[in-house]
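Enquirer:
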Amino acid sequence: MNTDEYIMDGHVKWFDPGKGFGFIVATDGGPDILLHANVLRNFGQSSVTDGTGIQVMVTKTDRGLQASEVLSIEQSLEPVSSGLADFAEFDPEEIAAAPVEPARVKWFDKAKGFGFANVFGDDADVFVHIEVLRLAGLADLLPGEAIALRAIEGKRGLMAAEVLPWESAVPRD
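Under the numbering used here, the sequence shown has 0 at position 2, and the numbering climbs by one with no breaks.
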């Protein structure tokens, strides 16, 4: 391993998917670390919410510290029902028992706070609320983006109860 590289834990100071970058603050302090959108995409995400815990490989460059690889993004331990009345009647065990399925984002409007995805092989729309994204450490979704989700049948149809990196739906051999 390059001696100018090291693993760092911290949290996202801010990230703007439109600009294609943001910054991380190290838990131990020090200068901000640049987080480029390509590095985040290599991890399987197009965005990340401010304040989300993150572990990255950091490289020292002529222009400062830069994340070269995302190793992990902290998932919120808060129950989904905390911000969504639609999920209040769901049993957390029912959500945990739902299969993790690969899906593709149909569209998502951050300003409206929701969008839809389709599970691979099924054209039924799955409603995705922005609060579910925030619990996953995501700030936004892009049309065509691959994700994994747990869908629950709700009052208004299929709803994403959990959104995960798409690799979560890939069977491990």
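Just so it is clear, CB atoms sit at the ideal spot from N, CA and C, and this is done for glycine as well.
From residue 43 to residue 59, what distance separates their C-alpha atoms?
Expert: Looking at the two C-alpha atoms, the distance is approximately 24 angstroms.
Enquirer: Can you give the Cα-Cα distance for residue 113 and residue 139, rounded to whole angstroms?
Expert: Straight-line Cα distance between these residues: approximately 9 angstroms.
Enquirer: For residue 163, tell me which candidate among 154, 103 and 33 has the shortest Cα-Cα distance.
Expert: Closest by alpha carbon: 103.
Enquirer: Are the beta-carbon atoms belonging to residue 46 and residue 71 less than 9 angstroms from one another?
Expert: It is a contact, given that the beta carbons lie within the stated cut-off.
Enquirer: Can you tell me the Cα-Cα spacing of residue 123 and residue 23, whole angstroms?
Expert: Going from the Cα of residue 123 to the Cα of residue 23 covers about 37 angstroms.
Enquirer: Do residue 149 and residue 166 have their C-beta atoms within less than 9 angstroms of each other?
Expert: No, these two residues do not count as a Cβ contact at 9 angstroms.
Enquirer: Just verifying my parser: in three-state terms, what is the DSSP assignment at residue 61?
Expert: In the structure shown, residue 61 sits in coil (DSSP, three-state: anything other than H, G, I, E or B).
Enquirer: Looking at C-alpha atoms only, which residue of 63, 158 and 109 is the closest neighbour of residue 92?
Expert: Residue 92 has its Cα closest to that of 158, out of 63, 158 and 109.
Enquirer: For the alpha helix (DSSP H) containing residue 92, name the first residue and the last one.
Expert: Note, residue 92: alpha helix (DSSP H), 90 to 95.
Enquirer: In chain order, what residues of the same chain lie with their CB nearer than 7 angstroms to the CB of residue 69, ignoring the 5 residues before and after it?
Expert: Contacts found: 5, 53, 54 and 55.
Enquirer: DSSP state of residue 46, grouped into three classes?
Expert: Three-state result, residue 46: coil.
Enquirer: So what's residue 149 in DSSP terms, helix, strand or just coil?
Expert: Strand, per DSSP.
Enquirer: Go ahead and pull the three-state DSSP assignment for residue 136.
Expert: Looking at residue 136 - three-state DSSP - the assignment turns out to be coil, as it is neither helix nor strand.
Enquirer: Can you check whether the CB of residue 51 is closer than 9 angstroms to the CB of residue 8?
Expert: Yes.
Enquirer: With DSSP as the reference, label residue 172 as helix, strand or coil.
Expert: In the structure as shown, the chain begins at -1 and stops at 171. Residue 172 is therefore absent and cannot be evaluated.
Enquirer: If you compare alpha carbons, which of 2, 67 and 14 is closest to residue 108?
Expert: The shortest C-alpha separation from residue 108 is found at 14.
Enquirer: Rank 36, 10 and 37 by C-alpha distance to the C-alpha of residue 27 and give the top, closest one.
Expert: Of 36, 10 and 37, the residue nearest in Cα terms is 10.
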